[in-house]
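What follows is one structure encoded as C-alpha cells, with my remarks underneath.
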Ligand SMILES: Nc1nc2c(c(=O)[nH]1)N[C@H]1C(S)=C(S)[C@@H](COP(=O)(O)OP(=O)(O)OC[C@H]3O[C@@H](n4cnc5c(=O)[nH]c(N)nc54)[C@H](O)[C@@H]3O)O[C@H]1N2
Ligand SMILES: Nc1nc2c(c(=O)[nH]1)N[C@H]1C(S)=C(S)[C@@H](COP(=O)(O)OP(=O)(O)OC[C@H]3O[C@@H](n4cnc5c(=O)[nH]c(N)nc54)[C@H](O)[C@@H]3O)O[C@H]1N2
Ligand code: SF4
Ligand code: SF4
Ligand code: SF4
Ligand code: SF4
Ligand code: SF4
Ligand SMILES: [Mo]
C-alpha cells in the first residue's frame with residue numbers, strides 16, 4: 001500500500017513553547033511575519049482556581065478532500081499520492097483563492113515568491129529520511145509524524161489506542177492531522 | 001468638443017465678449033473632463049505599478065483577509081459589465097425601442113468596463129501574464145477558472161458584437177446579442193459561485209450570492225444606462241433627445257423595482273444569517289450591522305445604495321430627470337460598497353471561528369491601502385476616458 | 001518588500017565617532033532567506049566563507065553549495081544543549097539538537113532554534129568602542145582592539161594602583177569561559193566577584209549543599225512516580241532535557257503537583273495545582289513533613305543510616321500541623337494531609353523537586369531546607385525514581401594548563417561574604433550588595449567594574465539604584481555580544497564573538513565531553529572571551545595565568561587525560577568517557593551524612609532545622625509582584641531576537657479577572673504599576689490564571705538601551721519595581737517580596753512614562 005503521511009498531536013504534551021514554529025521558520029526560510037505552523041489556545045476553561053487549558057499544535061492539515069486543491073484555478077495546489085498537499089510555485093498565479101478557501105487559515109502569501117505557501121510536511125526532509133523539522137524539535141513531544149497507512153507506525157498505534165478527533169469535521173475536509181485530547185491517567189500511558 | 005465660434009449667431013460686441021468668456025470657461029471645463037480622468041488614470045497606473053513591484057506591502061490585505069478592495073472592484077466592474085449587457089441585449093431582443101437607443105454605447109461601455117476589471121485583477125495578481133496563464137493550466141473544479149474563462153470568452157464576444165455593429169452586419173449582431181446575453185448570465189452567476197462554493201466562509205457559502213449578484217448586476221446595468229441616457233439627452237435635441245429622456249424614465253422605473261428587490265434580498269440574507277446558528281455567519285453579519293463594516297453598510301450600501309435612490313425616484317415619480325440621474329449615481333456609489341462589503345465581510349471572521357469551541361477573538365483587520373484606492377479610481381477614470389475616446393472615434397448611433 | 005536597510009548606513013571606521021541612535025535608527029527587517037542574510041552580513045561587515053582553523057570539518061566542501069553539519073553547543077541559556085549547525089557556503093541556515101547530547105536529546109527549545117538570529121542580529125556589537133560622550137549618551141568612537149584593550153587594562157591598572165585591586169569589581173554570569181574570568185579576577189587580586197546566583201538559585205543550592213553536600217541534585221525521571229514542584233515552571237522556564245523528561249514523565253502517568261500562585265503551563269499539566277499564597281510554601285512543607293514524621297511514613301532505614309538530626313526535626317515539626325499550615329498557605333488542611341500520605345506512599349520514587357530560581361522570599365532558604373529534608377525522609381537519594389546525586393558541574397575530571405598560584409586577597413568583600421553572610425559561598429556572592437556598597441561607599445568605595453556576559457542593570461532589583469551606582473563608577477567595561485543595557489552605560493565595550501563564531505573550553509555533560517566550536521567565521525571585528533581575557537591579562541602583567549596562545553590550546557589540555565584526537569573531537573563534537581558507576585552513600589557535609597539538622601546553621605546561631613518564618617504580605621489594596629520566565633526568551637538577552645520577539649513581543653501584566661473587574665481594568669488596557677521604588681506603565685493581561693492577591697510580570701523586557709532597535713520600547717522592566725530584600729543566610733534576593741498598586745492609566749499620567 002502507498003504511504004499516507006499524517007500527524008498525530010498529543011495535545012496534553014504540548015507546552016506552547018513554539019520551538020516548532022521557530023524550527024519551521026529556519027528550515028523552510030519562512031518570511032518574517034509569516035508562519036506555516038502554530039499553537040492555538042482554547043482559552044482557560046473555568047475560573048480561578050479551577051482551571052484547565054489545552055494547547056493545540058497545528059499546521060496545514062493536508063486534507064484528503066482539500067478545498068484549496070479543488071478551488072485552485074491552475075492546479076498549482078495538488079494532493080500527492082503520499083498524502084501531502086503540495087503547492088507548485090511555478091503554476092501558482094497568486095490569486096489567493098486557496099487562502100480564502102482553507103478553513104484552517106493554513107496558508108500565507110509569500111511576499112517574495114508572490115505565491116500562496118504553506119506547510120510542505122518538510123517533504124525535502126522526508127526524502128532524506130528525516131522527520132519534519134517541527135517534529136524533530138518538539139520539546140514536549142506533542143507532534144508525532146508518520147505513515148497512517150502503516151499499521152506499525154507510531155501514529156497508527158496511537159490512533160488505534162486513543163480516542164481522537166480532527167478539527168472542523170463538518171467542513172468535510174478529511175484532514176491528515178489527528179488530535180488526541182486525552183490526559184494521561186495516573187499510572188496509565190499516553191503512548 | 002466645443003462648437004466652432006464661427007458658426008455662432010452674430011452678437012453685439014459686449015455680448016460677444018461675455019460669450020467668449022463663457023466659452024473659454026466652458027472649454028476649460030471641457031478640457032478638464034479630459035485632463036482630470038487622465039491625471040487620475042496616471043496616478044492609478046503609478047499605484048498599480050507600485051503594487052506590482054512592492055507586492056503585498058502595498059496592499060491592505062493580509063493572510064487573514066487575502067482578498068481586498070481590488071477583488072471587490074473586479075467583482076464590481078465585471079458584474080456591472082454583464083449587467084449592462086443584459087439590459088441592452090434584453091432591450092434589443094425584446095425590441096424595447098427605448099432601450100435600443102443606448103445599445104451600441106452600452107456595448108462599448110461594457111467592453112471598457114470589463115477591460116478595467118481585468119486590469120484591476122491583473123494588478124492584484126501582480127503580473128498580467130498570470131491572468132492568461134489560467135487558461136493554459138486549467139483546473140475544472142475551480143470556480144475561478146470557470147469565471148475567468150467565461151468572462152474571457154465573453155469579452156471576445158462583446159468585441160465581436162461591437163465589430164458587427166460597426167460594420168453594419170446587423171443579422172450577425174443579432175445572434176451575438178443572444179450569445180452575449182447567455183454568456184453574461186453564465187459569467188455573472190458563476191462569479192457568485194466563486195464565493196458560494198467556499199465552505200470555509202459560511203457567510204458566502206450557498207447559492208444566495210449567485211442570485212444576488214445576478215439581480216444586482218441588472219441593477220448596476222440599469223443605473224449605468226440611466227446615467228448614459230441622461231448624458232445623451234443633454235446633448236441631443238429633438239426626437240433623439242426625447243427618446244433618451246423617455247428611456248431614462250423607463251430605466252429608472254426598472255431601477256426602482258430592482259432596488260426594492262435588492263433590499264428584500266439583503267433583509268433576508270441578514271435575517272437568516274443571524275438566525276442560522278452558524279457562528280461565523282452570524283459574526284460576519286454582525287460585522288456589517290455593528291462591526292467594522294457598519295459605516296460602509298448602513299451609510300453607503302443601504303443609505304446611498306438603496307434608500308436615497310428609491311426616495312429620489314419615487315419623489316420624482318421617475319419623471320424628473322435630474323432626480324433620476326442622482327438616484328442612479330447614488331445607487332452606483334452604493335453598489336461599490338455592496339461589492340466591497342460582500343467580499344470583506346466574508347473574510348473578517350477568522351476561519352478559526354468555525355470551531356464553535358473556540359472563543360471569538362475579534363474581527364480581522366482590513367482597510368484598503370492608498371494604492372488600492374488609487375487603482376480603483378484609476379480604473380474608473382480609464383472607463384470615462386476610454387469611453388469618451390470611443391465616442392469620438394466610433395459611430396455609435 | 002521589507003529589505004534589510006541597515007547596510008545603507010556605513011559602518012563607522014576605526015577612530016570615527018558615531019551615535020547609537022543614529023547608527024541603529026529603525027527596526028530592521030531581514031528576510032527569512034539565507035541569501036539575504038548573506039548579503040546583509042556581507043554588506044554590514046564583510047562575511048568570509050571557508051575556514052582556517054576548522055579545516056577538518058569541511059575543508060573540501062567550502063563554497064560548494066553543499067550544506068555541512070557542524071556539532072557545537074547552544075549558549076542561548078545556561079543549559080548548554082548540544083547542537084548541530086547546518087552551514088551552507090558559510091551561512092548558518094539551521095540549528096538542530098544534537099541527539100548525542102544529554103541536555104538536548106536531539107531537540108532545541110525555541111531560543112536554541114532562534115540562535116541564527118543571534119548571529120545575524122544587525123544590532124550586534126561589531127567592533128570595540130570607547131565612549132565619546134556622557135555615560136549613556138549613545139555617543140561612541142570605534143577603536144581598534146589594541147586601543148580598547150590598552151584602555152581597559154590601563155584603567156584597571158590605574159584603579160589598582162590608586163585604590164588597590166579590590167576597588168575593581170568583576171562580575172560574570174555562568175558561562176564556559178568563566179574559569180578564565182575567575183583567573184583574571186583572582187590574579188588581579190580583587191575579592192569582589194559578582195555572579196547572578198544570589199538573584200537566582202542561592203536558596204536552593206545553599207540549602208542542598210548544607211543538607212547533602214551537593215548543590216543541585218537531579219531527578220531520576222525515568223523511574224519516578226510523583227514530583228512536587230515549588231514555583232519550578234519547567235514548561236516555560238525551560239531546561240531542555242529536563243522539560244522533555246518532565247513531559248515524558250507526565251505522559252507516562254507520573255503524578256505532578258505544582259505549587260505556584262500562577263496557573264503556569266507546568267501547572268496546567270499537573271494532576272494538582274495548588275495556588276499557594278506567595279512565600280508560604282514553607283508552611284506547606286513543614287506540614288507535609290509533620291504528617292510524614294508523625295504518621296511515620298518516612299524511610300526509617302535511610303534516616304537511621306545516613307542522616308543526622310532527625311530527633312530535632314521531629315521536635316521542631318510538632319506544632320506544624322496541616323491545620324496550622326492551612327491558615328497560612330491557604331491550602332486546605334485535608335489536601336496537605338492527603339498529599340503528604342500519597343507522596344510518601346510512592347517513596348522512594350517520590351521527589352520534592354529542588355526547583356531553580358528560588359529567589360522569591362527571604363524565607364525561601366528555609367523552604368528549600370524543608371524540601372531537602374522531605375526528600376531525605378523519602379530516602380530517595382540515589383534510588384530509582386529519586387534524587388540523583390549529580391552536582392551542578394559533575395562529569396569527568398578534565399585536564400588543565402599549569403598556572404601560578406593566586407596572590408593573597410588583602411581586603412574584605414564588598415558584598416559582605418563572609419563577614420555579613422557567613423554561609424554564602426565565595427563563588428556565589430551577593431551581587432545586589434555589591435551594588436549597594438557602591439552607593440554607600442562601605443566598607444570601602446568600589447571604583448571600577450568589569451562586566452562579562454551579564455546584564456546587572458536589568459537583573460538586579462531596584463534598577464534606579466543600579467543605574468546610579470554604574471554612573472558613579474570611575475570606570476565601567478563590558479564584554480558582551482549585544483549593546484545591552486549595561487553596555488549602553490559603559491566606558492568601553494569589548495565585543496565578544498557569539499557562541500556560533502568562537503571556541504570555548506570543553507563542556508562535560510553526563511559522561512561525555514562536548515566541544516563548542518565556531519560554525520562560521522566571525523562576521524565582525526570580534527574576539528572570543530578566552531582571547532579577550534588573555535589579552536587583558538597580558539596587559540595587566542598577568543600573562544602567566546593565561547598560558548595559551550589560542551583557544552584550542554586549552555581544549556587540547558582539557559582532553560589530554562583522555563587520549564582523544566583533537567581533530568576527531570572537532571569532527572564529532574564530543575567524546576564519551578567510560579564512567580565508573582558508583583553511587584556510594586557519602587555526603588560532602590561536615591558530618592558526612594545528610595544533615596537534617598545543620599551543624600553549620602547552628603554554628604552561626606541559627607536553628608539547625610527549618611522553622612516557620614513569617615513572610616511579609618501586601619497591605620490592603622496592594623499585590624505581590626511575581627516574576628518569572630517565558631519559554632520564548634532568555635533572561636534580559638533575547639528581546640532583540642527577531643524570531644523570538646515575533647512570538648512574544650512584550651510582557652503584559654497578569655492580573656486576576658475578578659480583581660481587574662473590581663478595579664475597572666479591561667484586558668489590554670494600559671495600567672500603572674507602582675512599588676515603593678518605581679513605577680511603570682504596562683498593559684493588562686486580564687486572566688483567571690493568577691491568584692487575586694498577585695500580579696505577574698515576565699522578566700526580560702523594558703530595556704534602557706536604545707541601541708536595541710527591536711528590544712527597546714518593548715514591555716516593561718520589573719527590576720524597575722523590585723525592592724532589594726536579601727536573606728541574611730543565603731544572600732538570596734527576595735524577588736516576590738515587592739508589593740505594588742495597580743490602577744488604570746489616566747491621561748495625566750501618560751506623560752510620566754517609565755521611571756527606572
Ligand atoms: N525581575 C527579575 N529579575 C531577575 C530574574 C527574574 O526572573 N526577574 N531572574 C534572575 C535570574 S534566575 C538570573 S540567572 C539573573 C540573570 O541575570 P544576568 O546574568 O545579569 O542576565 P542575562 O540576561 O543572563 O545577561 C546575559 C548578558 O550576556 C550577554 N551575552 C549573551 N551571550 C553572550 C556571549 O556569548 N558572550 C558574552 N560576552 N555575552 C553574552 C547578553 O547579551 C546579556 O547582556 O537574573 C535574575 N534577575
Ligand atoms: N525560557 C527560559 N528558560 C529558562 C530561563 C530563561 O530565561 N528563559 N532561565 C533559566 C534560569 S537562569 C533559571 S534560574 C531557571 C528558572 O526556572 P524557574 O525557577 O522554574 O522559573 P521562574 O520563571 O524564574 O519562576 C517560577 C515561578 O515562581 C513563581 N513564584 C513566585 N513566587 C513564588 C512563591 O512564593 N511560591 C511559589 N511556589 N512560586 C512562586 C512564579 O509565579 C513563577 O511561575 O530557568 C532557566 N530556564
Ligand atoms: S488545511 Fe487548508 S491548505 Fe491544508 S490541505 Fe486543508 S484546505 Fe488545503
Ligand atoms: S494562489 Fe496559487 S495555489 Fe492558491 S489557488 Fe491561486 S493559483 Fe492556486
Ligand atoms: S512539517 Fe515542516 S513545513 Fe510543515 S509545519 Fe512542520 S516544519 Fe513546517
Ligand atoms: S514544539 Fe511541541 S511542545 Fe513546543 S509548542 Fe510546538 S508542539 Fe507544543
Ligand atoms: S535550553 Fe534552549 S536555549 Fe538553553 S541551551 Fe538548550 S536549546 Fe539553548
Ligand atoms: Mo537563573
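Chains as they are written, first to last, in this note's numbering: chain H, 1 to 191; chain D, 1 to 397; chain Z, 1 to 756. Every residue gets a Cβ at the ideal spot worked out from N, C-alpha and C, and that includes glycine. If you're wondering where the values come from, they're calculated on a predicted model, not measured in any experiment.
Apart from the five residues just before and just after residue 416(Z), which ones in its own chain have a Cβ nearer than 7 Å to its Cβ?
In the third chain, counting from the first residue as 1, residue 416(Z) sits at position 416. Around residue 416(Z): 430 and 433.
For residue 183(Z), name the three-state secondary structure that DSSP assigns.
Position 183 of the third chain, counted from the start, is the residue given in the question as residue 183(Z). Note: residue 183(Z) maps to helix in three-state DSSP.
Are the CB atoms of residue 192(Z) and residue 170(Z) nearer to each other than 8 Å?
For the purposes of this step, residue 192(Z) is taken as residue 192 along the third chain, with counting starting at 1. For the purposes of this step, residue 170(Z) is taken as residue 170 along the third chain, with counting starting at 1. For residue 192(Z) and residue 170(Z), yes; Cβs fall inside 8 Å.
Under 8 Å between beta-carbons, which chain Z residues line up against residue 18(H)? List them in chain order, please.
Locating residue 18(H) in the first chain gives position 18, counting from the first residue. What residue 18(H) touches in chain Z: 110, 631, 632 and 647.
Using a Cβ cut-off of 8 Å (strictly closer), state whether residue 145(H) contacts chain Z.
Residue mapping note: residue 145(H) aligns to position 145 of the first chain, counting from 1. Answer no: the Cβ-Cβ gap between residue 145(H) and chain Z never drops below 8 Å.
Which bits of chain H does residue 134(D) rub up against, with CB to CB less than 9 Å?
Sequence index remark: in the second chain, residue 134(D) carries index 134 (1-based). Residues of chain H passing the Cβ test: 73, 74, 93 and 95.
By the DSSP assignment, the beta strand (DSSP E) with residue 478(Z) in it spans what residues?
By 1-based counting over the third chain, the position of residue 478(Z) is 478. Note, residue 478(Z): beta strand (DSSP E), 475 to 480.
Is the shortest distance between the beta-carbon of residue 15(H) and the beta-carbons of chain Z less than 8 Å?
Numbered from 1 along the first chain, position 15 holds the residue referred to as residue 15(H). Yes - at least one Cβ of chain Z is within 8 Å of the one on residue 15(H).
Quick check on the burial criterion: 16 or more other C-beta atoms within 10 angstroms. Buried or exposed for residue 2(D)?
Counting from 1 along the second chain, the entry for residue 2(D) is found at position 2. Here the model assigns residue 2(D) a pLDDT of 44, short of 50, so the residue's position is not dependable and the matter cannot be decided.
Provide the residue(s) that pair with residue 169(Z) in DSSP beta bridges, ordered along the chain.
Working through the third chain from its first residue, we reach residue 169(Z) at position 169. The partner list for residue 169(Z) (beta bridge, DSSP) reads 449(Z).
Say whether chain Z places a C-beta atom closer than 8 Å to the C-beta of residue 27(H).
Taking the first chain and counting its residues from 1, one reaches residue 27(H) at position 27. At least one chain Z Cβ lies under 8 Å of residue 27(H).
Who does residue 733(Z) pair with in a DSSP beta bridge?
Residue mapping note: residue 733(Z) aligns to position 733 of the third chain, counting from 1. DSSP, once it has assigned bridges, lists 726(Z) as partnering residue 733(Z).
What is the rounded straight-line gap between the Cα of residue 42(Z) and the Cα of residue 420(Z)?
Counting from 1 along the third chain, the entry for residue 42(Z) is found at position 42. Counting from 1 along the third chain, the entry for residue 420(Z) is found at position 420. Interpretation of residue 42(Z) is limited by its pLDDT of 41, a score under 50 that renders its predicted location unreliable; the figure taken from the coordinates is listed afterwards. Approximately 53 Å, taken between the alpha carbons.
Whole-angstrom Cβ separation of residue 70(D) and residue 301(D), contact assumed at under 8 Å?
Against the second chain, residue 70(D) aligns to sequence position 70. Against the second chain, residue 301(D) aligns to sequence position 301. Between residue 301(D) and residue 70(D) the Cβ distance is about 19 Å, and since that is not below 8 Å, they are no contact.
Would you mind telling me which residues of chain C sit closer than 8 Å to residue 351(D), beta carbon to beta carbon, in chain order?
Here chain C cannot be found, since the structure's protein chains are H, D and Z.
Whole beta strand (DSSP E) runs in the segment 656 to 696 of chain Z with 3 or more residues, listed along the chain?
670 to 674 and 679 to 687
How many angstroms separate the CA atom of residue 100(H) from the CA atom of residue 66(D)?
In the first chain, the residue the question calls residue 100(H) occupies position 100. In the second chain, the residue the question calls residue 66(D) occupies position 66. Approximately 7 Å between the Cα atoms of the pair.
Give me, in chain order, the residues of the same chain whose beta-carbon lies closer than 6 Å to that of residue 815(Z); leave out the 5 immediate sequence neighbours on both sides.
Residue 815(Z) is absent from the structure shown; chain Z starts at 1 and stops at 756.
Please report the straight-line C-alpha distance between residue 49(Z) and residue 154(H), rounded to a whole angstrom.
Stepping through the third chain from its first residue, residue 49(Z) is reached at position 49. Stepping through the first chain from its first residue, residue 154(H) is reached at position 154. Its pLDDT being 33, under 50, residue 49(Z) is placed unreliably by the model, and the measurement read from it follows with that caveat. When the Cα atoms are used, residue 49(Z) and residue 154(H) turn out to be separated by approximately 42 Å.
Based on the DSSP secondary-structure assignment, which residues constitute the bridge partners of residue 129(Z)?
Counted from its first residue, the third chain places residue 129(Z) at position 129. Note: residue 129(Z) sits in a beta bridge opposite 142(Z) and 493(Z).
At which residue ranges does the segment 512 to 565 of chain Z contain complete alpha helix (DSSP H) runs of 4 or more residues, listed in the order of the chain?
Counting only runs of 4 or more, we get 529 to 539 and 551 to 559.
Which residues in chain H have a C-beta closer than 7 Å to the C-beta of residue 114(Z)? List them in chain order.
Taking the first residue of the third chain as position 1, residue 114(Z) is located at position 114. Here the neighbours are 22.
Any residues in the segment 165 to 183 of chain H with a beta carbon nearer than 9 Å to a beta carbon of chain D? Which ones, in chain order?
Residues of the segment 165 to 183 of chain H that bring their beta carbon within less than 9 Å of a beta carbon in chain D comprise 167, 168, 170, 171, 172 and 173, in sequence order.
Using the beta-carbon of each residue, which ones in chain H are nearer than 7 Å to residue 125(D)?
As a working mapping, residue 125(D) is identified with position 125 in the second chain. The contacting residues are 93, 94 and 95.
Check whether chain H comes within 8 Å of residue 67(D), counting only Cβ atoms and requiring the distance to be less than that.
Within the second chain, numbered from 1, the residue matching residue 67(D) stands at position 67. By this cut-off, residue 67(D) is an interface position.
Between the beta-carbon of residue 262(Z) and the beta-carbon of residue 617(Z), is there less than 8 Å?
As a first step, residue 262(Z) must be located in the third chain, where it is residue number 262. As a first step, residue 617(Z) must be located in the third chain, where it is residue number 617. Their beta carbons are not under 8 Å apart, which means residue 262(Z) does not touch residue 617(Z) by this criterion.
Using 8 Å for Cβ pairs, my map puts residue 470(Z) next to residue 437(Z). What's the rounded Cβ distance?
As a working mapping, residue 470(Z) is identified with position 470 in the third chain. As a working mapping, residue 437(Z) is identified with position 437 in the third chain. Cβ-Cβ separation between residue 470(Z) and residue 437(Z): approximately 13 Å, too far for a contact (criterion under 8 Å).
Out of curiosity, what's the CA-to-CA distance linking residue 625(Z) and residue 506(Z)?
As a working mapping, residue 625(Z) is identified with position 625 in the third chain. As a working mapping, residue 506(Z) is identified with position 506 in the third chain. Roughly 39 Å between the two C-alpha positions.
Using DSSP's beta-bridge definition, name the partner residues of residue 71(Z).
Here the question's residue 71(Z) lines up with position 71 in the third chain. Answer is 84(Z).
Please tell me whether, using a cut-off of 7 Å, the distance from the CB of residue 40(H) to the nearest non-hydrogen atom of ligand 6 is below it.
As a first step, residue 40(H) is located in the first chain; it is residue number 40 there, counting from the start. No, ligand 6 has no heavy atom inside 7 Å of this Cβ.
In chain order, what residues place their C-beta within less than 7 Å of a heavy atom belonging to ligand 4?
68(H), 71(H), 72(H), 73(H), 74(H), 76(H), 77(H), 87(H), 91(H), 92(H), 93(H), 94(H), 95(H), 96(H), 97(H), 98(H), 99(H), 115(H) and 116(H)
Please determine whether the Cβ atom of residue 112(Z) lies at a distance below 7 Å from any heavy atom of ligand 7.
Stepping through the third chain from its first residue, residue 112(Z) is reached at position 112. Yes; taking the cut-off as 7 Å, the Cβ of residue 112(Z) has a heavy atom of ligand 7 nearer than that.
How about residue 258(D) and residue 215(D): are their beta carbons less than 8 Å apart?
Numbered from 1 along the second chain, position 258 holds the residue referred to as residue 258(D). Numbered from 1 along the second chain, position 215 holds the residue referred to as residue 215(D). Taking the C-beta atoms as reference points, residue 215(D) is found nearer than 8 Å to residue 258(D).
Out of 381(D), 393(D), 395(D) and 390(D), point me to the one whose CA is closest to residue 33(D)'s CA.
Within the second chain, residue 33(D) is the residue found at index 33, counting from 1. The option with the nearest alpha carbon to residue 33(D) is 381(D).
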